[in-house]
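Undergrad:
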Amino acid sequence: MYPNQKGFTLVELMVVIAIFAIMSLIAYPNMSEWIAERRIANKAEQMANLFRLARAEAVRIGVPVYICPVDISDAGKPNNYCDTSDPEGYAAFADKDKDYKYDEKKGIDIPLRTVVLNTQSRNTTLFLFNNLNAAPNYNPVNSGSGQARAVGYMPNGAFIRGNYTVGKKGIITPSPANSIIKIVLTDKQPENKQKSRAQVLLFDGSGRLQTCKKSEILDSNNKKCTF
Numbered sequence: 001m002y003p004n005q006k007g008f009t010l011v012e013l014m015v016v017i018a019i020f021a022i023m024s025l026i027a028y029p030n031m032s033e034w035i036a037e038r039r040i041a042n043k044a045e046q047m048a049n050l051f052r053l054a055r056a057e058a059v060r061i062g063v064p065v066y067i068c069p070v071d072i073s074d075a076g077k078p079n080n081y082c083d084t085s086d087p088e089g090y091a092a093f094a095d096k097d098k099d100y101k102y103d104e105k106k107g108i109d110i111p112l113r114t115v116v117l118n119t120q121s122r123n124t125t126l127f128l129f130n131n132l133n134a135a136p137n138y139n140p141v142n143s144g145s146g147q148a149r150a151v152g153y154m155p156n157g158a159f160i161r162g163n164y165t166v167g168k169k170g171i172i173t174p175s176p177a178n179s180i181i182k183i184v185l186t187d188k189q190p191e192n193k194q195k196s197r198a199q200v201l202l203f204d205g206s207g208r209l210q211t212c213k214k215s216e217i218l219d220s221n222n223k224k225c226t227f
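This is how it looks when you write it as structure tokens:
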């Protein structure tokens, strides 16, 4: 006598597959959005960690540590420290000879870490490095010495900002920070998802980090955090 055979019939199997397909179609948009948001959140955390590292290394090594815009090769290598008009990432370096620039050929300055946001062949991340005046208005600083595109930490813990001129290969006139630096990251496409996926980091005059909540980013009346 053969034991009773138990299993799915063909009809039952087809029903299960159909139900699974329907549930996948329902869940896929939410899953795709979650993956996109996590990708941007990961890049924002990398930027936050870059600032934390710069502060710690400036104190440990005893020299200024600057965070500069860089170009990124397809191999992920940073180029043109503080000398790019369309940055694809940010890099931190210890300025051992204290000349406000990264001297790769001399081998004196110490490269610390690079955050890759885009590459020459893959440009998908929208990245904004803005400067805001203090409360209560938080108006953007659009020009002059207050419009910094590079920052640094001193061995005494002080936070400074600086700008640069493309072709000069260095930071010009670093000065104490007196406004808020606002970093925004999101996807370039689709545009209708940019705000919901955005991550916003704020650094005050001492270089302390504040991360904006999603509700603050979506609130158009919140001038400090909205995008």
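Just so we're aligned: 15 in UniProt numbering is position 15 of the sequence shown, and the numbers increase by one with no gaps anywhere. The C-beta atom is built at its ideal place from N, Cα and C for all residues, glycine as well.
What is the DSSP secondary structure of Gln-46, counted as helix, strand or coil?
TA: Helix.
Undergrad: Contact defined as beta carbons within less than 8 angstroms: I believe Asn-131 pairs with Ile-181. What is the distance between those atoms, to the nearest angstrom?
TA: Contact flag correct, Cβ pair sits at about 6 angstroms.
Undergrad: Would Tyr-90 and Val-70 qualify as a contact pair, given that the criterion is a beta-carbon distance under 9 angstroms?
TA: Yes, these two residues count as a Cβ contact at 9 angstroms.
Undergrad: Let me check understanding here. Comparing Cα to Cα, which of Leu-112, Ser-32, Ile-40 lies closest to Asp-187?
TA: If we check each option's Cα against that of Asp-187, Ile-40 comes out closest.
Undergrad: Considering just the uninterrupted stretch of the beta strand (DSSP E) at Ser-179, what are its terminal residues?
TA: That residue, Ser-179, is in no beta strand (DSSP E); it is neither H nor E in DSSP.
Undergrad: So what's Arg-208 in DSSP terms, helix, strand or just coil?
TA: Here Arg-208 sits in coil by DSSP.
Undergrad: Report the partner residues of Gly-89 according to the DSSP bridge assignment.
TA: Gly-89 pairs with Val-70, Val-116.
Undergrad: Ile-72: which of Ile-110, Arg-55, Ile-19, Gln-120 sits nearest, CA to CA?
TA: For Ile-72, the nearest C-alpha among the options comes from Gln-120.
Undergrad: Here's the rule: buried if 16 or more other CB atoms are within 10 angstroms of the residue's CB, otherwise exposed. What is Val-15?
TA: The residue in question, Val-15, is exposed, as its Cβ has fewer than 16 Cβ neighbours within 10 Å.
Undergrad: Go ahead and pull the three-state DSSP assignment for residue 235.
TA: Shown here, the chain extends from 1 to 227; a query on residue 235 therefore has no answer.
Undergrad: Would you call Lys-101 buried or exposed, if buried means 16 or more other Cβ atoms sit within 10 Å of its Cβ?
TA: Answer is buried; the Cβ neighbour count reaches 16.
Undergrad: Leaving out the 5 sequence neighbours to the left and right, which residues in its chain are closer than 7 angstroms to Glu-57 when beta-carbon positions are compared?
TA: Excluding residues within five positions, the ones whose Cβ falls inside 7 angstroms are Val-65, Ala-94, Leu-112.
Undergrad: Report the three-state DSSP secondary structure of Ile-108 (helix, strand or coil).
TA: Ile-108: coil per DSSP, three-state reduction.
Undergrad: Can you say whether Pro-78 is buried or exposed, counting buried as having 16 or more other CB atoms within 10 angstroms of its CB?
TA: Pro-78 should be labelled buried.
Undergrad: Nearest-angstrom Cα distance between Asn-80 and Lys-169?
TA: Distance between the alpha carbons of Asn-80 and Lys-169: 7 angstroms.
Undergrad: Quick one: is Leu-13 buried, meaning 16 or more other Cβ sit within 10 Å of its Cβ, or exposed?
TA: Per the 10 Å Cβ criterion, exposed.
Undergrad: Straight-line CA distance for Tyr-153 to Lys-105?
TA: So the two alpha carbons sit approximately 23 angstroms from each other.
Undergrad: So what's Ala-94 in DSSP terms, helix, strand or just coil?
TA: Here Ala-94 sits in strand by DSSP.
Undergrad: Taking DSSP's pairing of strands, which residues face Tyr-164 in a bridge?
TA: Ile-171.
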